[in-house]
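Visitor: Note that the protein sequences, when read in sequence, are chains A and B. Per the numbering used here, the very first residue in the first sequence carries number 1; after that it's consecutive. Per the numbering used here, the very first residue in the second sequence carries number 273; after that it's consecutive. Take this structure, written in structure tokens, and hold onto it; I'll ask about it next.
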Amino acid sequence: MDIKRRQFLKIAGLSTIAGLGAPAAFNLLLKGESSPVSFASSGSSPEASQEAAPTGVRLGMVIDQNVFDAYRGLAQKCITACHTVHNVPKFDNPKDEIKWIFEVPYEKAFTAKSHYHKNEQLHDSSFPVLCNHCDNPPCVRACPTKATFKRKDGIVAMDYHRCIGCRFCMAACPYGMRSFNWRDPRPFIDKTTYNKEFPTRMRGVVEKCNFCVERLAKGLQPACVEACGNSGAMVFGDMNDPHSEIRKKLAENFTIQRKPSLGTTPSVFYII
Amino acid sequence: MLEKALTGSNRYWGWIAVLLAFMAAGALSYVQQYNYGLGLTGMSRDVSWGVYIAQFTFLVGVAASGVMVVLPYYLHNYKTFAKITILGEFLAVASVSMCLMFILADLGQPLRALNVLLHPTPNSILFWDMIVLNVYLFLNIFVGWVVLTAEKKDVAPPKWIKPFIYISIPWAVSIHTVTAFLYAGLPGRHFWLTAILAPRFLASAFAGGPALLILLCLIIKRVTKFDAGQEAIQKLVTIVTYAALINVFFVLLEFFTAYYSNIPGHMHTLDYLFFGLHGQGQLVPWMRVSTIFGIIAIVMFLVPATRKREDTLAIACVLLFFSLWIDKGIGLVIGGFVPSPLEEITAYHPSFQEIMITLGVWAAGFFILTVLYKIALGVKEEKMVS
Numbered sequence: 001m002d003i004k005r006r007q008f009l010k011i012a013g014l015s016t017i018a019g020l021g022a023p024a025a026f027n028l029l030l031k032g033e034s035s036p037v038s039f040a041s042s043g044s045s046p047e048a049s050q051e052a053a054p055t056g057v058r059l060g061m062v063i064d065q066n067v068f069d070a071y072r073g074l075a076q077k078c079i080t081a082c083h084t085v086h087n088v089p090k091f092d093n094p095k096d097e098i099k100w101i102f103e104v105p106y107e108k109a110f111t112a113k114s115h116y117h118k119n120e121q122l123h124d125s126s127f128p129v130l131c132n133h134c135d136n137p138p139c140v141r142a143c144p145t146k147a148t149f150k151r152k153d154g155i156v157a158m159d160y161h162r163c164i165g166c167r168f169c170m171a172a173c174p175y176g177m178r179s180f181n182w183r184d185p186r187p188f189i190d191k192t193t194y195n196k197e198f199p200t201r202m203r204g205v206v207e208k209c210n211f212c213v214e215r216l217a218k219g220l221q222p223a224c225v226e227a228c229g230n231s232g233a234m235v236f237g238d239m240n241d242p243h244s245e246i247r248k249k250l251a252e253n254f255t256i257q258r259k260p261s262l263g264t265t266p267s268v269f270y271i272i
Numbered sequence: 273m274l275e276k277a278l279t280g281s282n283r284y285w286g287w288i289a290v291l292l293a294f295m296a297a298g299a300l301s302y303v304q305q306y307n308y309g310l311g312l313t314g315m316s317r318d319v320s321w322g323v324y325i326a327q328f329t330f331l332v333g334v335a336a337s338g339v340m341v342v343l344p345y346y347l348h349n350y351k352t353f354a355k356i357t358i359l360g361e362f363l364a365v366a367s368v369s370m371c372l373m374f375i376l377a378d379l380g381q382p383l384r385a386l387n388v389l390l391h392p393t394p395n396s397i398l399f400w401d402m403i404v405l406n407v408y409l410f411l412n413i414f415v416g417w418v419v420l421t422a423e424k425k426d427v428a429p430p431k432w433i434k435p436f437i438y439i440s441i442p443w444a445v446s447i448h449t450v451t452a453f454l455y456a457g458l459p460g461r462h463f464w465l466t467a468i469l470a471p472r473f474l475a476s477a478f479a480g481g482p483a484l485l486i487l488l489c490l491i492i493k494r495v496t497k498f499d500a501g502q503e504a505i506q507k508l509v510t511i512v513t514y515a516a517l518i519n520v521f522f523v524l525l526e527f528f529t530a531y532y533s534n535i536p537g538h539m540h541t542l543d544y545l546f547f548g549l550h551g552q553g554q555l556v557p558w559m560r561v562s563t564i565f566g567i568i569a570i571v572m573f574l575v576p577a578t579r580k581r582e583d584t585l586a587i588a589c590v591l592l593f594f595s596l597w598i599d600k601g602i603g604l605v606i607g608g609f610v611p612s613p614l615e616e617i618t619a620y621h622p623s624f625q626e627i628m629i630t631l632g633v634w635a636a637g638f639f640i641l642t643v644l645y646k647i648a649l650g651v652k653e654e655k656m657v658s
């Protein structure tokens, strides 16, 4: 009897420890990183957890669709700037296509929104879409090699040399913002505009918008933002800095994100 | 024991030659794909996984189904399965081998595959899938080989093998659960985002895998002196029937949730697969064939006359296996990508080389299966003679 009781106590003790440790371990698993913030905020409401990390730098972008509607062709300028500076190859067929930023009609950008006799602006506009650099990125969770990872400043970046080309991140991205090098991209890069300062990719790896992390390091704005000039069509900056221009833009306007219900907390906002 | 695979009839060598020919053709196509890139396949930006990953998913099920003979025999001491347990285990070995080959064929940078081990990432389900599949492969080779060696020496299997056998049972469930988690945890892919995906995977696996095992037993009975026995086969039929019915039930649950809730995202892929979406329904004929074959097979399993006759039983097994292969080996993976996150419909047509590589991997799997079965049955026939 005694032995049985001792065994019972042992098992009970062990399972208590396991029970206490499991949520922490599970949290670690889900986030892929250990963050004291997530423990502290675990008691708050699900709505609150949708908010951006309150501390540190979190880079983001506000896209003012009104400006893009006013200046037709501006979006194309952004696309060209981005694809040139990053040596993005140009394929003529949609099967091999690689794109970091592109234009889509309203229904494709915002799939869950519903309208009845929608207004004219929504009819004719085409919206620039790019990687949302989510605060809770499903692609980073899915990647089996950490080839895609989230930086402390919020940028979801990629290591093209570590990517094994499993394309799990492409299945995981709910925005369709990732492209795969189905074949050698190098012959399809425009030789006349080739940028020696940014690496070309090899076949068999995934790529996407990197918020121009290489330009930010030099103190430059992202290429698409720079292409907009001072039109205000795109504003980029630290959303946690109370004095930043983007913070002002977010405070003054009603903005929407793509597919907010999925809990990815995108860092790209639209003014419509 | 390996020497048993090196002697055989002309028919045996003829079959081996056919498999080697398909493997060679697949290897040639793979060289082409390796040199050109995955653009040689029909996959695209929108449908970024194709037949390779679909076959992988289906075959994880076949591998897991080995547990349907292992569990009754080792846990419940169900002696009728004594003769066929090794067949179930070796089928699992061949299936997991095919899974691993399909994954390698699908990688854009196959030479970097070991990055998964060099940079272990526990938050990625693919990392866990790699672990559970490789351990399951090891468990089945190890247990099968040790038990077979004991049988050859006419002694009881060593006691220390028992823990490995017991671990292999929940492990079989784990491989298909983790494989389902690859899909069921992705936000924005409504067709896969369902808690019932893992149980549905298991149900269809426990129907399709044993159906294949029945077919293999019937073939073995014709080409060798080994007979699995009427009772064992009929017990497998019972397992297949229950699992197939549970699978149908699960599929109907998916239909109910999608169409009664009337949420567009939940209906889109089902529409695309079974009825056509915005006039596009590339897979509709396939899915309808799958449905019809599945229904016919289940009826044939339920009717005693067709279930007990070997020829009609074989037909029912072929129909069910094909039905489930379409459902999981085509519809589930490819369908999940339609519509795309931008709600575009992109058709996917596997290329010639893609099909040849797929056939090559299947041939390689059957090659492994044939060699392992040849060895196992060689040992068993030796016993019958003596």
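Ideal Cβ positions, reconstructed from N, Cα and C, are used throughout, including at glycine.
Confirm, please, whether the CB-CB distance from ALA483 of chain B to CYS371 of chain B is below 8 Å.
Guide: As a working mapping, residue 371 of chain B is identified with position 99 in the second sequence. As a working mapping, residue 483 of chain B is identified with position 211 in the second sequence. Not closer than 8 Å, so no.
Visitor: Determine which residues share a DSSP beta bridge with ALA157 of chain A and list them.
Guide: Position 157 of the first sequence, counted from the first residue, corresponds to residue 157 of chain A. DSSP output for ALA157 of chain A lists A:PHE149 as bridge partner(s).
Visitor: Could you tell me which chain A residues have their CB closer than 8 Å to the CB of VAL388 of chain B, listed as they occur along the chain?
Guide: In the second sequence, the residue the question calls residue 388 of chain B occupies position 116. In chain order: PRO144, THR145 and ILE164.
Visitor: Reducing DSSP to helix, strand and coil, say where MET234 of chain A ends up.
Guide: Position 234 of the first sequence holds residue 234 of chain A. MET234 of chain A falls in the strand class under three-state DSSP.
Visitor: Please report the straight-line C-alpha distance between LEU508 of chain B and ASN307 of chain B, rounded to a whole angstrom.
Guide: As a working note, residue 508 of chain B is residue 236 in the second sequence. As a working note, residue 307 of chain B is residue 35 in the second sequence. Approximately 45 Å between the Cα atoms of the pair.
Visitor: With DSSP as the reference, please indicate the residues paired to PHE102 of chain A in a beta bridge.
Guide: The residue labelled residue 102 of chain A in the question sits at position 102 within the first sequence. A:VAL129.
Visitor: Quick check on DSSP: helix, strand or coil for GLU275 of chain B?
Guide: Position 3 of the second sequence holds residue 275 of chain B. It is helical.
Visitor: Within 8 Å (strictly less), CB to CB, does CYS173 of chain A reach chain B?
Guide: Within the first sequence, numbered from 1, the residue matching residue 173 of chain A stands at position 173. At least one chain B Cβ lies under 8 Å of CYS173 of chain A.
Visitor: Name, going along the chain, the residues of the region 531–557 of chain B whose beta-carbon falls closer than 7 Å to a beta-carbon of chain A.
Guide: Those residues of the region 531–557 of chain B that come within reach of chain A (Cβ to Cβ, closer than 7 Å) do not exist; the list is empty.
Visitor: So who's on the other strand from TYR270 of chain A, going by DSSP bridges?
Guide: Taking the first residue of the first sequence as 1, we reach residue 270 of chain A at position 270. Answer is A:ILE63 and A:ILE256.
Visitor: Measuring alpha carbon to alpha carbon, tell me which of B:ILE439, B:TYR438, B:PHE436 and B:VAL418 ends up nearest PRO429 of chain B.
Guide: For this step, residue 429 of chain B is matched to residue 157 along the second sequence. Ranking the options by Cα distance to PRO429 of chain B, first place goes to B:VAL418.
Visitor: My guess is that LEU409 of chain B and GLY480 of chain B are in contact by the Cβ rule of under 8 Å, so how many angstroms apart are they, rounded?
Guide: In the second sequence, residue 409 of chain B corresponds to position 137, counting from 1. In the second sequence, residue 480 of chain B corresponds to position 208, counting from 1. The pair is not a contact, with the Cβ atoms about 19 Å apart (cut-off 8 Å).
Visitor: Could you check whether the Cβ of ASP96 of chain A sits closer than 8 Å to any Cβ belonging to chain B?
Guide: Mapped onto the first sequence, residue 96 of chain A falls at position 96. Yes, ASP96 of chain A counts as interfacial toward chain B.
Visitor: Let me confirm a value: TRP285 of chain B is counted as buried when at least 16 other C-beta atoms fall within 10 Å, else exposed. Which label applies?
Guide: Along the second sequence, read from residue 1 onward, the residue named residue 285 of chain B stands at position 13. By the 10 Å Cβ count, TRP285 of chain B comes out exposed.
Visitor: With distances taken between CB atoms, is the gap from ALA377 of chain B to ILE647 of chain B smaller than 8 Å?
Guide: As a first step, residue 377 of chain B is located in the second sequence; it is residue number 105 there, counting from the start. As a first step, residue 647 of chain B is located in the second sequence; it is residue number 375 there, counting from the start. Taking 8 Å as the Cβ cut-off, ALA377 of chain B and ILE647 of chain B do not qualify as a contacting pair.
Visitor: Against chain A, with Cβ distances strictly below 8 Å, would GLU626 of chain B count as a contact?
Guide: For this step, residue 626 of chain B is matched to residue 354 along the second sequence. It does not; no Cβ of chain A falls within 8 Å.
Visitor: Classify GLU197 of chain A as helix, strand or coil using the three-state DSSP reduction.
Guide: Numbered from its first residue, the first sequence carries residue 197 of chain A at position 197. In the structure shown, GLU197 of chain A sits in coil (DSSP, three-state: anything other than H, G, I, E or B).
Visitor: State whether the region 559–568 of chain B contacts the region 412–427 of chain B, with contact taken as three or more CB pairs (one from each stretch) at a distance under 8 Å.
Guide: These segments do not touch.
Visitor: State the start and end residues of the unbroken alpha helix (DSSP H) segment that holds LEU585 of chain B.
Guide: Your numbering for residue 585 of chain B matches position 313 in the second sequence. Unbroken alpha helix (DSSP H) run through LEU585 of chain B: 582–598.
Visitor: Considering only residues of the same chain and omitting the five flanking positions on each side of ASP599 of chain B, which have a CB-CB separation below 6 Å?
Guide: As a working mapping, residue 599 of chain B is identified with position 327 in the second sequence. Once the five neighbours on either side are set aside, the close Cβ partners of ASP599 of chain B are SER562.
Visitor: Using three-state DSSP, classify SER41 of chain A as helix, strand or coil.
Guide: Counting from 1 along the first sequence, the entry for residue 41 of chain A is found at position 41. Confidence in SER41 of chain A is poor, its pLDDT being 38 and thus under 50, which makes the residue's placement unreliable; the coordinate value appears in the next sentence. Helix.
Visitor: Kindly say whether SER179 of chain A, judged by its beta-carbon, lies nearer than 8 Å to any beta-carbon of chain B.
Guide: The count along the first sequence starts at 1 and reaches residue 179 of chain A at position 179. Closer than 8 Å to some Cβ of chain B, the Cβ of SER179 of chain A qualifies, so yes.
Visitor: Please go through the same chain and pick out, in chain order, the residues whose beta-carbon is closer than 7 Å to the beta-carbon of SER476 of chain B, but skip the five residues on each side of it.
Guide: The residue given as residue 476 of chain B occupies position 204 in the second sequence. The residues are GLY333, ASN519, LEU596, ASP599 and LYS600.
Visitor: Going along chain B in order, which residues have a C-beta closer than 8 Å to the C-beta of ASP92 of chain A?
Guide: As a first step, residue 92 of chain A is located in the first sequence; it is residue number 92 there, counting from the start. Simply none; closest approach about 13 Å.
Visitor: Going by DSSP, what residues sit across from GLN305 of chain B in a beta bridge?
Guide: On the second sequence, residue 305 of chain B is found 33 positions in, with the first residue counted as 1. According to DSSP, GLN305 of chain B bridges with nothing at all.
Visitor: Taking its Cβ as the centre, do 16 or more other Cβ atoms sit within 10 Å of ALA223 of chain A, making it buried, or is it exposed?
Guide: Position 223 of the first sequence, counted from the start, is the residue given in the question as residue 223 of chain A. Per the 10 Å Cβ criterion, buried.
Visitor: The alpha helix (DSSP H) spanning GLN554 of chain B covers which residue range?
Guide: Counting from 1 along the second sequence, the entry for residue 554 of chain B is found at position 282. Where GLN554 of chain B is concerned, there is no enclosing alpha helix (DSSP H), given that its DSSP letter is neither H nor E.
Visitor: Answer yes or no: does any C-beta atom of chain B fall closer than 8 Å to that of PRO199 of chain A?
Guide: As a first step, residue 199 of chain A is located in the first sequence; it is residue number 199 there, counting from the start. With 8 Å as the cut-off, PRO199 of chain A does not count as an interface residue toward chain B.
Visitor: Distance check for ALA470 of chain B and THR451 of chain B, CA to CA, integer angstroms please.
Guide: In the second sequence, the residue the question calls residue 451 of chain B occupies position 179. In the second sequence, the residue the question calls residue 470 of chain B occupies position 198. Distance between the alpha carbons of THR451 of chain B and ALA470 of chain B is about 8 Å.
Visitor: Check each candidate in B:THR449, B:LEU398 and B:LYS434 and name the one with the smallest Cα separation from ALA172 of chain A.
Guide: On the first sequence, position 172 is the one that residue 172 of chain A refers to. Residue B:LEU398 is the option with its Cα nearest to ALA172 of chain A.
Visitor: Classify SER396 of chain B as helix, strand or coil using the three-state DSSP reduction.
Guide: Walking along the second sequence from the start, residue 396 of chain B turns up at place 124. Coil, per DSSP.
Visitor: Can you find a C-beta in chain B that's less than 8 Å from the C-beta of ARG151 of chain A?
Guide: Position 151 of the first sequence, counted from the first residue, corresponds to residue 151 of chain A. Closer than 8 Å: no.
Visitor: Going along chain A in order, which residues have a C-beta closer than 9 Å to the C-beta of HIS391 of chain B?
Guide: Position 119 of the second sequence, counting from 1, holds the residue named residue 391 of chain B. Residues of chain A passing the Cβ test: PRO144, THR145, LYS146, ALA147 and ARG162.
Visitor: Which residue or residues does DSSP assign as beta-bridge partners of PHE180 of chain A?
Guide: Position 180 of the first sequence, counted from the start, is the residue given in the question as residue 180 of chain A. Paired residue(s): A:VAL206.
Visitor: Excluding sequence positions up to five away, which residues of its chain have a Cβ less than 7 Å from the Cβ of GLN50 of chain A?
Guide: Residue mapping note: residue 50 of chain A aligns to position 50 of the first sequence, counting from 1. For GLN50 of chain A, the predicted model reports a pLDDT of 49, less than 50, meaning its position is unreliable; a value from the coordinates is still stated below. Around GLN50 of chain A: GLY263 and THR265.
Visitor: Between B:PHE294, B:TRP400, B:PHE522 and B:ILE505, which has its C-alpha nearest ALA354 of chain B's C-alpha?
Guide: For the purposes of this step, residue 354 of chain B is identified with residue 82 of the second sequence, where counting begins at 1. Minimum Cα distance to ALA354 of chain B is reached at B:ILE505.
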